[in-house]
Amino acid sequence: MTEPLHALTDGLNALDAWRSRWPAFAPDATLELPPETMAGVLAQLAERLQDNFPFHHPLYAGQMLKPPHPLAWAAYAMTMTINPNNHALDGGPATAKMELEAIADMARLFGFTNHLGHLTASGTIANLEALWVARQLHPDKGIACSIDAHYTHPRMAAVLGMTAETIPTDAQGRLDLAAVESVLASGRIGTLVVTPGTTGLGAVDPIHELVPIARRHGVRVHVDAAYGGFYRVLTDAPQPMIDVAPWLAIAECDSVVVDPHKHGLQPYGCGCVLFRDPSVGRFYKHDSPYTYFTSNDLHLGEISLECSRAGAAAAAFWATLQAFPLRHDAGFGPILGRTRQAALDWAERLSTSPDFRLVVSPELDIVAFFPVTAGLSASRISAHTEAIFQRLETHPEQPVYLAKLQVRRELLATRYPDLHWDQETVTVLRSCLMKPEQASFVGFLHQAVTAASQATARDL
Ligand SMILES: *Cc1c(COP(=O)(O)O)cnc(C)c1O
């Protein structure tokens, strides 16, 4: 942590030099704090914060969690001492420009030649905004999304007073084309939500095949790439490590959501929404008496449902993109190449192991698998999964942290006809390999789950 702190100190000193251009003043006595009080509270905080899982460590391979890059938090901390508000150009002239530059980079990544967009507090708010625009364009129609789409879509549709229809997936966890065709043919749907990288399995909907179906029915397409979006960088490589076609088709879709606070190395509080047609900005028109009026340029607050937004979040993301470009051969490409490699390696080991089976072949960096048990019943597999999960997490010397997922019968029944369905879902192990360091830990992780599974089999 010392290296980023040196850079941060230099940055803060440079800002102090800027501050000293105005007459000196003493902070008010009401704000004064003895240094030992601050140190004391932070020591208490350090104590309290230990009630966490080691999200930074390669052996934490559970949920979608990891620390931001030090450059991002240093840029965030530095900017936060000014605390610009990207609601308006007058609230943060510098960070508003950085936000526009970062947004343009993201739009370019997805192949949008025109765009309107901004950062948001989260993927949920970004999706809310995309669905709100969907409703403005098709006030009498609803949305449709896969049954494995993020739960935010039906929920936000309800907030907006729209109907949401869920569509089954195929055996890979991707939107089923025939089912989409029949739902869109009903005429009830205004916008189809597609997910390149579902939250559960990382399944990538076949966007290149879905766009023509949607267009045939006059239906818009919204892309929820909150989790998977940054993987688009890998598609430009000479030998891409992911299936390219769905990603290229995003350029023809109407809106995209991506979360820099997931795979973009950012601290929480950084989502992003992009629209391909900038004229949707007309829906945001408002007349607020208390915002700022000194600029003729469009304020970010005029194209956002949120009002105050952290300029520091824009600065952090902008700074990150300066050092880690959105390219396959530099910056994000090599990082995501490592996480993808980790998933491929582990999937290879799992698929050749007598102890486990894969739920699906991973398309990104999420690996889901279940233990092979005597009888192969859903209840037995679920109990075995729970036991492995517990055993790994409570290992006295070297705990390993995975996550669990409920999988529906339809997803597995065809591929594994020998499974016995004494209940409708089965609990499986799930691992998000979001950290490039995990590429070097796959062997360890596999050994740990194998040992835990074998020990569980002896006990049960
Ligand atoms: C995480 C996620 C969301 C929600 O984003 P938040 O930033 O957690 O609000 C939406 N869709 C998908 C596909 C996600 O993975």
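The numbering used here numbers the first residue of the sequence shown as -3 and each following residue consecutively.
Backbone N, C-alpha and C define an ideal beta-carbon position, used for all residues, glycine too.
Pairwise C-alpha distance: residue j and residue i
i: Y288; j: S16; result: In this prediction, Y288 scores a pLDDT of 49, lower than 50, which makes its location untrustworthy; the coordinate-derived value is nonetheless stated afterwards. Whole-angstrom Cα-Cα distance: 26 Å.
i: M94; j: A100; result: 10 Å
i: S291; j: L85; result: Low per-residue confidence applies at S291: pLDDT is 47, beneath 50, and the placement is therefore not dependable enough to give any value.
i: S349; j: A90; result: 54 Å
i: V200; j: T446; result: 28 Å
i: F352; j: A370; result: 12 Å
i: G225; j: P192; result: 7 Å
i: S378; j: V422; result: 6 Å
i: A210; j: A10; result: 53 Å
i: D239; j: E43; result: 45 Å
i: K106; j: L230; result: Just to set this straight, residue 106 is Phe in the shown sequence, not Lys. Cα to Cα, the separation comes out at about 12 Å.
i: L472; j: D166; result: One cannot answer for residue 472 here, as it falls past the ends of the chain, which runs -3 to 456.
i: M76; j: A311; result: 9 Å
i: W128; j: A13; result: 44 Å
i: L346; j: Q443; result: 10 Å
i: P413; j: Q318; result: 50 Å
i: V155; j: H146; result: 15 Å
i: E344; j: M34; result: 51 Å
i: Q394; j: Y280; result: 52 Å
i: E382; j: A57; result: 16 Å
i: G7; j: F440; result: 40 Å
i: D361; j: L354; result: 13 Å
i: Q402; j: W417; result: 14 Å
i: A98; j: P392; result: 45 Å
i: G327; j: S375; result: 44 Å
i: S215; j: F437; result: Reading off the sequence shown, one finds Val at residue 215, where the question assumed Ser. When rounded, the distance between both Cα atoms is 44 Å.
i: A339; j: V276; result: 39 Å
i: A126; j: T148; result: 12 Å
i: T452; j: H380; result: 7 Å
i: T187; j: A399; result: 32 Å
Per DSSP, the bridge partner or partners of residue i
i: S357; result: For S357, which the question treats as bridged, DSSP gives no partner whatsoever.
i: D414; result: Answer is none; D414 lacks a bridge partner.
i: S436; result: None, per the DSSP bridge assignment.
i: K400; result: L425
i: T493; result: Residue 493 lies beyond the stretch modelled for the chain, which goes from -3 to 456, so this question has no answer here.
i: T452; result: Answer is none; T452 lacks a bridge partner.
i: A188; result: What sits at residue 188 in the sequence shown is Leu, not Ala. According to DSSP, L188 bridges with A140 and V217.
i: I362; result: C428
i: A160; result: I139
i: S373; result: H416
i: H114; result: V269
i: P367; result: F352
i: V200; result: P192
i: G327; result: L322
Any non-hydrogen atom of ligand 1 within 7 Å of residue i CB
i: G119; result: yes
i: G265; result: no
i: H295; result: no
i: A222; result: yes
i: T335; result: no
i: H259; result: no
i: T162; result: no
i: N48; result: no
i: H218; result: no
i: D201; result: no
i: H481; result: No statement about residue 481 is possible, as the shown extent of the chain runs from -3 to 456 and does not include it.
i: D255; result: yes
i: T195; result: yes
i: N123; result: yes
i: T91; result: no
i: T191; result: yes
Nearest-angstrom Cβ-Cβ length linking residue i and residue j, presumed shorter than 8 Å
i: G329; j: A222; result: Contact doesn't hold; Cβ gap of about 20 Å is too wide.
i: D250; j: D232; result: That pair is no contact at about 23 Å.
i: N82; j: R305; result: 5 Å
i: H204; j: P164; result: H204 to P164, Cβ: 20 Å. No contact.
i: G198; j: P358; result: 6 Å
i: M74; j: H259; result: Not really, about 23 Å apart at Cβ, beyond 8 Å.
i: A309; j: C266; result: 5 Å
i: L4; j: A70; result: 4 Å
Please specify which runs of the alpha helix (DSSP H), each continuous and at least 4 residues long, are wholly inside the segment 228 to 307, giving them in chain order. 241 to 244 and 256 to 259
List in chain order: all unbroken alpha helix (DSSP H) runs of 4+ residues lying wholly within the segment 38 to 94. 66 to 76
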